[in-house]
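Visitor: I have a structure I would like to understand better, so I am pasting it below and will then ask my questions one at a time.
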């Protein structure tokens with residue numbers, strides 16, 4: 146019978162839990178066995194914890210105090226880490242393959258796949274997936290939690306030794322593919338089984354095993370993503386954290402672009418009606434529900450670190466915490482969501498600890514999730530970035546051994562169709578964009594081109610709309626400067642985004 150990760154003394158702990166920054170005393174359902182200390186692996190291990198929809202720009206990641214202490218403060222924070230595509234399946238595919246969206250997507254708008262990811266291509270698992278590259282380096286690989294939203298195999302894909310995966314599923318009583326068998330977790334004692342706890346316990350159980358080889362563990366939780374459904378969907382916290390008193394006084398920041406009219410932006414933003422009081426209140430409650438769901442994510446990270454420390458593997462392990470993309474709570478009059486080219490959609494926490502990572506470090510070079518797989522392989526000793534990958538190996542830069550000669554990031558997104566949530570349209574096919582995020586000492590710019598994914602799939606026609614922001618002067622992206630920008634600057638930016646959009650391989654794309 147499977148037990149959840151939870152406190153056993155909730156009555157006495159509840160008063161402490163009412164404090165926004167406090168935590169209950171949490172224990173995993175199983176204890177570490179008393180066998181002898183395991184021999185250290187000859188190469189460093191890697192653990193990646195991936196949240197879902199966790200923003201950086203609006204402060205939700207500030208509510209993970211143990212993760213901050215155990216990962217960020219014990220290692221480094223990369224302050225300019227971006228997602229390449231602000232939506233679940235494409236971003237996860239980019240994390241797992243190191244490929245830009247234009248190199249991992251299907252060939253046309255109606256092609257089968259996962260949110261336009263070419264997940265049915267035989268090369269996706271046989272050649273592109275990072276697990277195959279870790280396998281070739283002699284690693285054991287365990288995957289736990291959300292993989293792609295759909296098109297996930299039932300059995301472990303090539304290179305994966307332990308497979309407990311789904312497409313996100315439900316928070317309560319979820320099902321997972323467990324090494325080739327579909328398993329429903331619905332028999333937890335006293336309360337529903339909770340997804341984050343299952344993922345955490347399965348990850349920790351695997352980490353406690355005997356390893357003849359170094360290992361990679363990826364733990365990808367659903368939180369704080371909404372529980373999909375009609376009406377006003379919110380994240381679902383664990384039953385033992387499901388109290389409206391928790392974070393009762395919290396609400397997302399009222400940034401200058403909160404509920405703001407921006408008629409000079411592209412049509413999706415320019416046409417947004419103001420949020421009603423009910424919509425704003427519902428957005429605030431979503432924020433609080435997400436914070437309650439993050440309590441279990443904080444527990445998971447603490448459990449992982451505890452397990453590594455107990456087996457004397459912590460000093461030999463890189464632990465990374467990040468999210469697949471950001472989120473919003475009323476910015477540009479949209480009560481929730483992602484799907485856009487703004488900082489709240491694109492910036493995510495990226496915290497890393499491990500051998501050689503200087504504690505308390507703050508690294509400012511720009512990077513995206515396309516760089517993550519090459520970087521993790523670099524930590525594992527790969528001599529070169531695989532030819533299948535577009536990203537850069539930043540392991541040397543994170544360890545302070547190299548500098549990063551990069552000033553521009555490519556960002557891209559394909560709109561699949563109209564998405565309406567909280568009574569606002571938040572996506573559409575002509576919200577398809579490609580963009581540049583530029584940091585070069587004299588410019589702090591964002592340039593965005595918009596088109597229709599149905600009519601202009603490969604960007605063979607000109608863009609329909611443009612945005613240009615000077616983020617040094619306008620960090621909340623309130624004023625679109627494109628109409629008044631110099632023609633030569635427009636030509637320069639348009640040429641650069643076109644060049645980068647056509648790139649393949651790290652030599653061209655990095």
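Residue numbers (my numbering): 146 to 655. Here a beta-carbon is modelled for each residue, glycine too, at the ideal position from N, C-alpha and C.
Buried or exposed: which applies to residue 291, given that a residue is buried once 16 or more other Cβ atoms fall within 10 Å of its Cβ?
Guide: buried
Visitor: Grouping DSSP H, G and I as helix and E and B as strand, with all else coil, what is residue 483?
Guide: Residue 483: coil per DSSP, three-state reduction.
Visitor: Taking the alpha carbon of residue 470 as the reference point, which residue from 307, 302, 367 and 354 has its own alpha carbon closest?
Guide: 367
Visitor: Assuming residue 616 contacts residue 581 under a Cβ cut-off of 8 Å, what Cβ separation, rounded to an integer in Å, is found between them?
Guide: Between residue 581 and residue 616 the Cβ distance is about 12 Å, and since that is not below 8 Å, they are no contact.
Visitor: Got a sec, what are the start and stop residues for the alpha helix (DSSP H) residue 653 sits in?
Guide: First-last of the alpha helix (DSSP H) with residue 653: 651-654.
Visitor: Classify residue 500: buried if its beta carbon has 16 or more other beta carbons within 10 angstroms, exposed otherwise.
Guide: exposed
Visitor: Give the DSSP-derived three-state secondary structure of residue 528 in the structure shown.
Guide: coil
Visitor: Starting from residue 467, trace the beta strand (DSSP E) both ways and give me its first and last residue.
Guide: 462-468
Visitor: Run the CB neighbour count on residue 622, radius 10 Å, all protein chains shown included, and call it buried at 16 or more, exposed below.
Guide: buried
Visitor: Can you tell which of 510, 635 and 594 has its C-alpha closest to the C-alpha of residue 605?
Guide: For residue 605, the nearest C-alpha among the options comes from 594.
Visitor: Assign residue 585 to one of two classes, buried (16 or more other C-beta atoms within 10 Å of its C-beta) or exposed (fewer than that).
Guide: exposed
Visitor: Between the C-alpha atoms of residue 377 and residue 566, what's the straight-line distance to the nearest angstrom?
Guide: So the alpha carbons of these two residues sit roughly 8 Å apart.
Visitor: Return the Cβ separation of residue 361 and residue 279 in integer angstroms, given the expectation that the two are a contact with Cβ distance under 8 Å.
Guide: Contact between residue 361 and residue 279 holds: CB atoms are separated by about 5 Å, below the 8 Å threshold.
Visitor: List, from N- to C-terminal side, the beta strand (DSSP E) runs of 3 residues or more that fit wholly inside the region 229-313.
Guide: 285-291 and 307-311
Visitor: If you drop the 5 nearest sequence neighbours on each side, which residues of the same chain put their C-beta closer than 8 Å to that of residue 301?
Guide: 288, 307, 308, 324 and 325
Visitor: Apart from the five residues on each side of it in sequence, which residues of its chain come closer than 6 Å, Cβ to Cβ, to residue 234?
Guide: Correct list, in chain order: 259, 260, 262, 293 and 294.
Visitor: Evaluate the contact criterion for the region 409-424 versus the region 452-462: three or more CB pairs, one atom per stretch, below 8 Å.
Guide: no
Visitor: Among 312, 392 and 384, which residue has its Cα nearest to the Cα of residue 335?
Guide: 384
Visitor: Can you tell me whether residue 535 is buried or exposed, with buried defined as 16 or more other CB within 10 angstroms of its CB?
Guide: buried
Visitor: Relative to the C-alpha of residue 503, which candidate in 303, 203, 339 and 545 has its C-alpha closest?
Guide: 545
Visitor: Less than 9 Å separating the beta-carbons of residue 576 and residue 476?
Guide: no
Visitor: Could you give the C-beta distance for residue 210 and residue 443, rounded to a whole number, given that I count them as a contact under 8 Å?
Guide: 7 Å
Visitor: Tell me whether residue 503 sits in a helix, a strand or coil according to DSSP, three-state version.
Guide: coil
Visitor: DSSP state of residue 514, grouped into three classes?
Guide: Residue 514: helix per DSSP, three-state reduction.
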